[in-house]
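Engineer:
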Amino acid sequence: MFLLFQAIISSCMDNARGDIASRIVQRMAHKRDDFAQFLANLSAEQTADMVNSVKQLLTDVVKNINSPEKIKEISIQFGIDQVPKRGWGFKADFFAVMANALATECVFLDGAAHQPTETIEAWAELVELMFSNVRDGYYQQVIRYLRRNSHCFNSMFSCSSDTDGGDLYANGARQLSSDNIPPHFKSTGHLNQSPVEPVSAPGVVIRF
1 MFLLFQAIIS SCMDNARGDI ASRIVQRMAH KRDDFAQFLA NLSAEQTADM
51 VNSVKQLLTD VVKNINSPEK IKEISIQFGI DQVPKRGWGF KADFFAVMAN
101 ALATECVFLD GAAHQPTETI EAWAELVELM FSNVRDGYYQ QVIRYLRRNS
151 HCFNSMFSCS SDTDGGDLYA NGARQLSSDN IPPHFKSTGH LNQSPVEPVS
201 APGVVIRF
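Taking the UniProt record's numbering, the leading residue of the sequence shown gets 1, the next gets one more, and so forth.
Right, here's the structure in full:
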């Protein structure tokens, strides 16, 4: 990341108010109906958890803006931390709208202090780095979860000759394997460099 971009990002965050994460989440709801429904179904505590997780991600990334490796580590962990939210109805598809909302709200923070194209490019580059690793962390954790559950099924039914038990295992395995894992995510659990749906900040396309 160029030093100029780092300076722009730091300058934008100096202008941020305490509600930046809340505005990002609200923009997500405005842009995507299924996320709006997901958000509406959350309890007050769950909503606060969602907002705080976005706030912490942004805070930690900007604090380590000079270290791409640290940003990668933070982003992977954020992706891992979102997996339990699947029980609330969270979907991996929400990462695209999250990336776009984060970039958009943070670009607005610049207040025309820099050239608009430079500000957009700075945040686009950062968001690309962040969310390629967020998705990687998320899918790796989902695969670990599926493997643990498959092992539980194996342990439960491997010694049983009961037909119904075998059918239960087969049905369970099909249900687990049908989780929304992208086809370019191999059995090794590593994300290949296949392109995914792009997201965009104002006037720029971000690919991750």
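In this text, a Cβ means the ideal position worked out from N, Cα and C, and glycines have one as well. Computed from a prediction, not measured in an experiment: that's the story for all the values here.
#1: Does the beta-carbon distance from L146 to I9 come in below 8 Å?
#2: Relative to the C-alpha of T59, which residue among Q46, I74 and D49 is closest?
#3: Would you check if the distance between the CB atom of F95 and the CB atom of R135 is smaller than 8 Å?
#4: Nearest CA to the CA of F78: which residue from M98, G89 and S67?
#5: Does the stretch 32–43 come close enough to the stretch 103–118 to have 3 or more Cβ pairs within less than 8 Å?
#6: Do the CB positions of A21 and K55 come within less than 8 Å of each other?
#7: What is the residue span of the alpha helix (DSSP H) that H114 lies within?
#8: Which complete alpha helix (DSSP H) runs does the stretch 65–153 hold, if anything under 4 residues is left out?
#9: Is L109 closer than 8 Å to C12 when the C-beta atoms are compared?
#10: Can you give me the C-alpha to C-alpha distance between R207 and R86, rounded to a whole angstrom?
#11: Beta-carbon separation of I76 and G137 under 8 Å?
Structural biologist: Reading off the structure:
#1: no
#2: For the set Q46, I74 and D49, the Cα lying nearest the Cα of T59 is the one of I74.
#3: yes
#4: F78 has its Cα closest to that of M98, out of M98, G89 and S67.
#5: no
#6: K55 sits close to A21, with the two beta carbons spaced by under 8 Å.
#7: Segment: none, H114 is in no alpha helix (DSSP H) and carries neither H nor E.
#8: 68–82 and 94–108
#9: yes
#10: Only weak support is given to the placement of R207: the predicted model assigns it a pLDDT of 49, under 50, and the value that follows is read from those uncertain coordinates. Going from the Cα of R207 to the Cα of R86 covers about 24 Å.
#11: Result yes, Cβ atoms of I76 and G137 sit closer than 8 Å.
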